[in-house]
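In what follows, a single structure is set out as structure tokens and then discussed.
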Ligand SMILES: Nc1ncnc2c1ncn2[C@@H]1O[C@H](COP(=O)(O)OP(=O)(O)OP(=O)(O)O)[C@@H](O)[C@H]1O
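In UniProt numbering, the protein residues as written are 1 to 250.
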């Protein structure tokens with residue numbers, strides 16, 4: 001049966017596919033009160049990802065984070081009812097142009113919102129572990145929402161075997177080594193995003209190319225420091241630094 005038109009949970013109607021990830025397909029939906037929602041439907045063998053996303057996304061309450069509202073089931077598959085993030089996936093928006101050259105103010109606001117969202121997660125000792133342009137949705141003015149908590153977990157979480165979390169181009173060196181991750185590992189991903197915005201390229205091994213002269217260069221260097229013990233690891237401090245170097249009022 002087609003998923004569009006089906007009613008799931010407490011009167012939530014699936015409308016159309018919004019996106020697809022490696023663990024799920026996500027539908028735009030409308031709830032019983034007429035509120036726009038998203039429903040993330042996992043493949044049955046990714047049930048553990050749904051549980052992880054519910055565990056770490058349910059208690060969040062920040063305007064720049066998608067909120068996990070409730071678990072639902074769609075045709076026997078585990079699924080989650082989420083708040084809907086308006087806008088365009090960052091990767092699509094900036095696929096063909098360096099964001100900081102062509103759309104500087106909007107992209108800086110996106111990074112500031114991303115750092116605000118990460119600060120909220122980190123205050124709760126949760127690490128996102130998959131900061132990348134596919135997991136950020138931005139409105140035309142740059143206002144942004146961070147989504148996808150199915151790899152998230154407590155800072156310093158260990159696994160039975162070394163586990164490489166995240167997406168190659170945005171992975172910190174410690175993540176590539178399979179070490180437990182902390183807030184500084186998420187900030188490395190923000191650094192790669194900043195480098196992508198400045199240079200329009202991710203560079204080899206996910207490390208941005210040598211920075212051209214830009215007021216944001218010191219922040220780029222602090223966020224992409226390979227040694228995690230020397231890297232800038234505080235999202236609020238990074239946000240403050242970003243706004244100061246960029247000369248932004250917000
Ligand atoms: N709450 C939401 N509001 C709007 N769009 C969303 C929402 N959640 C997900 N999407 C869309 O669905 C896509 C896939 O979502 P998500 O990244 O959470 O899936 P995933 O299976 O965990 O992906 P992966 O692990 O490969 O990153 C997103 O890139 C986005 O386009």
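We put the CB at the ideal spot given by N, CA and C, even for glycine.
Everything numeric in this text was worked out from a predicted model, so none of it was measured.
Return the first residue and the last residue of the alpha helix (DSSP H) that residue i is part of.
i           : result
residue 29  : Per DSSP, residue 29 belongs to no alpha helix (DSSP H); it is in the beta strand (DSSP E), 24-30.
residue 85  : Careful: residue 85 lies outside any alpha helix (DSSP H) and carries neither H nor E.
residue 218 : 217-223
residue 100 : 99-102
Any heavy atom of ligand 1 closer than 8 Å to the CB of residue i?
i           : result
residue 150 : yes
residue 175 : no
residue 28  : yes
residue 95  : no
residue 66  : yes
residue 139 : no
residue 20  : yes
residue 134 : yes
residue 229 : no
residue 158 : no
residue 84  : yes
residue 89  : yes
residue 146 : no
Is residue j closer than 9 Å to residue i when the C-beta atoms are compared?
i           : j           : result
residue 74  : residue 53  : no
residue 187 : residue 223 : yes
residue 122 : residue 70  : no
residue 59  : residue 80  : no
residue 14  : residue 4   : yes
residue 151 : residue 128 : yes
residue 131 : residue 146 : yes
residue 90  : residue 134 : yes
residue 141 : residue 106 : yes
residue 226 : residue 183 : no
residue 40  : residue 48  : no
residue 214 : residue 100 : yes
How far does the beta strand (DSSP E) with residue i in it reach, from first residue to last?
i           : result
residue 73  : 68-74
residue 232 : Per DSSP, residue 232 belongs to no beta strand (DSSP E) and is neither H nor E.
residue 54  : No beta strand (DSSP E) holds residue 54; the alpha helix (DSSP H) holding it covers 47-57.
residue 17  : 12-20
residue 38  : 36-42
Return the chain-ordered ranges of every alpha helix (DSSP H) run that is complete within the region 105-184 and spans a minimum of 4 residues. You should have 173-176.
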